[in-house]
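According to my numbering, the residues represented by the sequence shown are 1044 to 1119, in order. Every residue gets a Cβ at the ideal spot worked out from N, C-alpha and C, and that includes glycine.
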Amino acid sequence: MPPLKTYEGFKERFEEMQDLSFDCYRTDPQLFGIIDSLVRLGGMLTESAPETYVRSQLETAYNGLKKYKEERMSSL
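As structure tokens, then:
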């Protein structure tokens, strides 16, 4: 397996996503499990993936998770 390649800002973004997903755990444990798996998978991306693709996928997941949290927390 090739070594992992880290792009600038990814570590911080993954940490933010983990924090957001933990907040979702309180309202929807099933969703948390899915999101947690996706976040972990994203952290395992290898250098075989183009940076633009990785960034696009990361931003899509991050924005979706953030929106979900805002919607769920506002309805409590």
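Cβ-based burial, residue i [other Cβ within 10 Å; buried from 16]
i: Leu-1119; result: exposed
i: Ile-1078; result: buried
i: Met-1060; result: buried
Expected contact under 8 Å - CB spacing of residue i and residue j to nearest Å
i: Phe-1053; j: Ser-1064; result: With 8 Å as the limit, Phe-1053 and Ser-1064 do not qualify as a contact, their Cβ atoms being about 16 Å apart.
i: Lys-1112; j: Cys-1067; result: 6 Å
i: Tyr-1105; j: Arg-1056; result: 6 Å
Local conformation of residue i per DSSP, three classes
i: Ser-1118; result: coil
i: Glu-1051; result: coil
Which whole runs of the alpha helix (DSSP H) in the segment 1060-1105 are 4 residues long or more, in chain order? 1072-1086
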